[in-house]
Every structure is written in C-alpha cells, then in structure tokens.
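I have placed the structure first, in the form of structure tokens, so that the comments after it can refer back to it.
4 protein chains.
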Amino acid sequence: MFATNGAPYYEQLVMQIKQQIVQGSLQPGDKLPSIRAMAAELHLNPNTVSKTYQLLESQRAVYTVKGKGTFVSESTTTTVNQGEIDTVHERLQNLLTEAQFLGVTEQQLQEWVTAAYHNGGK
Amino acid sequence: MFATNGAPYYEQLVMQIKQQIVQGSLQPGDKLPSIRAMAAELHLNPNTVSKTYQLLESQRAVYTVKGKGTFVSESTTTTVNQGEIDTVHERLQNLLTEAQFLGVTEQQLQEWVTAAYHNGGK
Amino acid sequence: MFATNGAPYYEQLVMQIKQQIVQGSLQPGDKLPSIRAMAAELHLNPNTVSKTYQLLESQRAVYTVKGKGTFVSESTTTTVNQGEIDTVHERLQNLLTEAQFLGVTEQQLQEWVTAAYHNGGK
Amino acid sequence: MFATNGAPYYEQLVMQIKQQIVQGSLQPGDKLPSIRAMAAELHLNPNTVSKTYQLLESQRAVYTVKGKGTFVSESTTTTVNQGEIDTVHERLQNLLTEAQFLGVTEQQLQEWVTAAYHNGGK
DNA sequence: GTGGTCTAGACCACA
DNA sequence: GTGGTCTAGACCACA
C-alpha cells in the first residue's frame, strides 16, 4: 500500500496529497476524505491520518473546520517563506550531489524538473 | 559545527565529502584524513566517522587500504545502478512538489540544477 | 465570512457582539437582530446564533424578552466575578509569554492595551 | 497536577516550558528532561510529552538531537514573524474585550503587562 | 459524522 | 538512554 522506503506513513501521505493539490486533482475548497475514511481505505490508524492532516494544516495546505471536515486551502503560495525555500534549496543540492554521483546527466535532471512542472511530477 | 536539522551526523558528513568529490576539491586517489584526525577536527565520536567512511566505501566512493588509510575512488560512475537512480528521481519529485508549493518557479529550479553541475552546488 | 482559526462560530460571534458593546456601537437597550435575521445575514445555522445569544445571556451581556427579542443589558460590570477575572488574568499571562517569545516589546503591548480601552480595540 | 481549564495537557505544558524560558529558569542550551522522565513526573503519557516537545520544536523554542535529548534553543526571537504577531494581537484584543466586560480597569491591565515583563508573569 | 485528545504499549533508529 | 513512529481503542466537543 505504501512504499517501504523508510519514510513514515504520515510523511508519504503528506507528499501524496500535496502532489494531488499541485497537479490539480485536488482543487481549493475540495473536501478531503474524513480521517476515518482515509484510514480505512489505506489500512492506517486514524491517528496516523490525523497527524497527516495536522501537518498539512500547519503548512497552510489545508484547513480544518471542526465537525465538518478538512478542506484544501485557497492559495498556498501567498506568503513567501524564504527560510523554507532555503531549506528546499539545500536539500536539492544534496540530492543533486547524489545524482551526479550516480552519473545522472544535467540534461536528464532538467527534463525531470520540466516534467514535474508540467504534469505534476508523474 | 553541524546543522541540527535532525539528520544524523554521519549522513551529513557523507554528503559533505561527496560534495567535495563532485566539486573536485577531493580528487581520485586523494587520502582522506584518518578517522581519528577527522573525529578530532569535527568534534565527533570516532565511531561516527568510521560509520561515515564505511558508508562511503559501500557506495564505492572511497576505498580503504588497511594500515594505509582511506582514499577517493577512481571512477564513481562506472556501474549504473538504476534502482538508486529511481530512488533519487522519486526523492527529487517530492522535493519539486515542495518547491512548487513554496512558489519556486521552474526557471529558478533550472538555474539551481545548472549551478550544481557547474560549480558543485556552492 | 468567519475566520477559519479553529474557534467555533458561536464563539467568534460572541466576541464580535461583545466588542460592539464595549465599543459603544451597541448601546444598552438596543435590540439585537432576530436569530433568523442574524443567521441569514451571516450565513449561519439559526442554532449557532441561538447558542450565541444564550451564551451572551448567561454572561448577563444581553437579556431576552419572549416574543419581543434580545436586548443589550444596562450595566455589564455590576457584579464583579473574581473567578472569571482570574481566568482572564491567567489567559493574559499565557498570551504575554507568547508575545515575549515573538519579540513584542513591553511598550508595544502597553499601547495595544491603551488602544483597546480608548477605541474598542479597532 | 494540571489545571482543568479545558486546555489540553500538551498545550499547558508548552506554555509552562515557554514561561520557564522567558523567565530564565531554563537557559539556552539547557537540556529538558527526557520524554519518559517528564511523563513519569507529570503522570502523563510519553506520547503527550512527545507532542509537547515537537510543538516547541516547530516553534523553534527547543531543538532535538536524536538519541541525545531536547534542548532550549539559543535565540528564539531572531526571525520576526509578523503573521504570528498579528495573531497574538488579535487574541489580545479579544481578551481585552473580555477584561473590560468584567470591569477590569486599564490601569490594572497595564500593571499585569508590566509584571509579565519583569518577573515572567508570575 | 467529524476532528481532537489521551492512554497503553510496542518497536525502531541513533548515541 | 533518547526521541520517533504506529496501532488499538476510548472519550469528548462541535455541526
């Protein structure tokens, strides 16, 4: 059900939902499945899904209305957070170093970047 | 001395040495500092440095000659490991999703990739 | 219409009406809109507005005359409730700790207090 | 052990630790009790303490070194976050409205603010 | 129905 | 020893 790449379930699920938002298959205002429904579907404990939703909320990707549900936020790029961008830049540099080690060409990487921006990374 | 970003020390050190190799400040055949010297310099436990060198060796980035020391390998890109490339690709996609969320433009990312390939990411 | 800050709607509405009373835009004796009118105007469920009015009434801020409507009370500060004052004091201390953490100066806070007492906090 | 004011345990504990930091009884670099020790002392579940520490870390008040422990951060006011300051300001206005309702004088409030800044709110 | 909190307790990685 | 993850399952407030 989930990749066994060492990343915790809640992190994998955060990324999965973020990708759906970036790709547009989840639109602003859309309601996410309830914690219980998502947990049942993915064979996860409700606590794990709850943690996922709270993480997404802390990142302003979704918002929660108690008793109603969790919804995709309107605009997720309003406030530019330079600190977070720097962190992503740093992690990217580490990853690019790895890629160079494995012999991935610069052209291949540029294509991956282009692909990510034009069809949501899939 | 090391970032408190949650990543274990040995992992941060692996990345640091890999960057030096990719950048060329460490050349094939160059001798790495001894485990004790490196540990003293970085205020790390020798066990941590030892684990670092073992990790680098397991990835063919360096090789160890008993009694002589640890040296940078000749060519690190001879054997293409598709599995590892796929892993890097997957992690890149996650990172690109994050970047898009933060409003980083495709052009900015292309520049980061170019920079990484032309001056080692620094 | 209402902030999605996690606070339940009825609580936000209680605060909004209280502010209008403290500011003086709602005077003692003034009639509040009917539950149905208020609910329609704010796109809320009548039950939510009803709960709001009941809460305000339980705090002596308004009183209800059956068949006539809900009105702002004459004096809201007659009976000093030390227990509630202690609660507010405690919550204030928590908030002041937060403010200090964020680097808000004592002078800035004093100004905020002054402003709240001289123009209703707006 | 904890006040039964409705606030969740982890939130009360977050505030308690923040106050100790603002007051100076916890200094930058100080090690917090381990999750298990704190949980035992306060008769809480380790998960609840863990959530507390993670909240404090997400607010940069403490940092965690895996396997070593959780420590008070160096400077907690480096990056001014206007958004968070606005949120505190807003909550303060609500609280001041409550205080006015209860008949708390402006002078009394000014004294509370002064006290909070000169002896940590106690 | 919906999310939030909390306990009990297991298992894991890192130092 | 130390923090991190996860499950099972209970109870609560809000809509």
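Chains as they are written, first to last, in my numbering: chain A, 31 to 152; chain B, 31 to 152; chain C, 31 to 152; chain D, 31 to 152. For each residue, glycine too, the CB sits at the ideal point set by N, CA and C. None of these values were measured; they are calculated from a predicted model.
Supposed contact pair residue j and residue i - C-beta distance, whole angstroms, cut 8 angstroms
i               : j               : result
Q130 of chain B : Y147 of chain A : 7 angstroms
L72 of chain A  : V44 of chain A  : L72 of chain A to V44 of chain A, Cβ: 13 angstroms. No contact.
S103 of chain D : P58 of chain D  : 6 angstroms
I115 of chain D : L132 of chain C : 5 angstroms
E128 of chain D : V118 of chain C : 5 angstroms
I65 of chain C  : S80 of chain C  : 5 angstroms
V143 of chain D : V143 of chain C : 6 angstroms
S88 of chain A  : S88 of chain D  : 7 angstroms
A69 of chain B  : N75 of chain B  : 6 angstroms
Chain-ordered neighbours of residue i on chain A, where CB pairs are closer than 7 angstroms
i               : result
Y129 of chain B : At residue 129 of chain B the sequence reads Ala, which differs from the Tyr that was named. Within 7 angstroms Cβ-Cβ: V118.
E114 of chain B : L132
Q140 of chain B : Q140 and V143
Buried versus exposed, by CB contacts within 10 Å (16 or more), residue i
i               : result
G151 of chain A : Bear in mind that a pLDDT of 41 at G151 of chain A, under 50, signals an unreliable position, so the model cannot answer this.
A91 of chain C  : buried
Y83 of chain D  : buried
N124 of chain A : buried
K61 of chain B  : exposed
V49 of chain B  : It should be noted that the sequence gives Gln, not Val, for residue 49 of chain B. Its Cβ being crowded by 16 or more others within 10 Å, Q49 of chain B is buried.
N35 of chain D  : exposed
Per-residue contacts from residue i into chain A (C-beta, under 8 angstroms)
i              : result
K48 of chain B : T127, E128 and F131
L62 of chain B : Chain A residues near L62 of chain B: none, gap ~16 angstroms exceeds 8 angstroms.
Contacts of residue i in chain D (Cβ-Cβ under 7 angstroms)
i              : result
R66 of chain C : The contacting residues do not exist; R66 of chain C stays about 26 angstroms from chain D at best.
Cross-chain neighbours of residue i in chain B, by beta carbon under 8 angstroms
i              : result
Y39 of chain A : Simply none; closest approach about 14 angstroms.
Contact list for residue i against chain B, beta-carbon separation under 7 angstroms
i               : result
Y56 of chain A  : Residue 56 of chain A is actually Leu in this sequence, not Tyr. None at all; the shortest Cβ gap to chain B is about 12 angstroms.
N111 of chain A : L132
Beta-carbon neighbours of residue i, restricted to chain C and to distances below 7 angstroms
i               : result
N124 of chain D : M45
Chain D contact residues for residue i, given Cβ-Cβ distances below 9 angstroms
i               : result
E136 of chain C : V143, T144, A146, Y147 and H148
V52 of chain C  : L126, T127, Q130 and F131
Contact set between residue i and chain B, taken where Cβ atoms lie within less than 9 angstroms
i              : result
A91 of chain A : F131
Entirely enclosed beta strand (DSSP E) segments - the stretch 41–107 of chain D, minimum 3 residues: Entirely contained in the stretch 41–107 of chain D, the beta strand (DSSP E) runs reaching 3 residues are, in chain order, 92–95 and 99–102.
The stretch 135–147 of chain B / the stretch 94–101 of chain A touching (three or more Cβ pairs under 8 angstroms): In short, these stretches do not touch, since the Cβ pair count stays below three.
Continuous beta strand (DSSP E) assignments of at least 3 residues falling wholly in the stretch 117–144 of chain D: Those beta strand (DSSP E) runs which fall completely within the stretch 117–144 of chain D and span 3+ residues do not exist here.
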